[in-house]
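The numbering of the sequence shown is the working numbering, which starts it at 105 and goes up by one.
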Amino acid sequence: MCMPKPRAEHAFLQRLVGRWRVSGEEIPGNADWIEEVRSLNGIWFVAECRGSMPDGSDVTAMLTLGHNGATGRYVGSWIGTMMEHMWVYDGELSADEGTLCLYTTGPSCTDAPGMQAYREEMSFSDDDHRRFVSSMKQPDGSWKQFMRADYLRIT
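See below:
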């Protein structure tokens, strides 16, 4: 087995590396959350985010991202101490390479029981500012945004 080397597809993910302050109206507790992203040899990227819920309890979330050269797709996962579901991602970079779109299925965040399709989008406005938007798929096939987080690079 030969060690993979970073490819052009990893360049977007490499931009995530660093320490970020996370804010947004939909962020639980609306307090500062901190995310630290590191690279595993430029192939895999691991983000650990820490913050507080409105009740003051501390939470941690872990995101993994990479690119599967065999399928040509971005892959990843997300887990958080605030739930038991593991989110598994499959996605692609937009044609202009400015937005990473990740698709997943998870518990409905509405009153409806069952699972729901979601789309998560990551984009950079510059090297020190990025945005994360989460949307739910609607019965008519459209996407409805329900969460946005803004990231400011600290280091």
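Ideal Cβ placement from N, Cα and C applies to all residues, glycine included.
With distances taken Cα to Cα, identify the nearest neighbour of residue i among the options.
i      : options                        : result
Arg111 : Val141, Gly184, Gly146         : Gly146
Asp254 : Pro243, Ser161, Phe236         : Phe236
Ala174 : Arg252, Glu225, Pro108, Met186 : Pro108
Glu261 : Glu196, Gly180, Cys153         : Since the first residue shown for the chain is 105 and the last is 259, residue 261 is missing from the structure and cannot be characterised.
Glu152 : Ser161, Phe228, Val141         : Val141
With DSSP run on the structure shown, which of helix, strand or coil describes residue i?
i      : result
Gln118 : helix
Ala253 : strand
Ala221 : strand
Ala174 : coil
Glu113 : helix
Ser229 : strand
Pro243 : coil
Ala151 : strand
Ser212 : coil
Is any beta-carbon of chain D found at less than 7 Å from that of residue i?
i      : result
Phe236 : Absent here is chain D; the protein component of the structure consists of one chain.
Within the present structure, is the beta-carbon of residue i separated from the nearest heavy atom of the ligand SAH by less than 6 Å?
i      : result
Asp136 : This structure does not include the ligand SAH; it has no bound ligands of any sort.
From residue i to residue j, what does the alpha carbon distance come to, in whole angstroms?
i      : j      : result
Val150 : Asp159 : 27 Å
Ser239 : Trp247 : 6 Å
Asn172 : Tyr178 : 6 Å
Met157 : Cys205 : 26 Å
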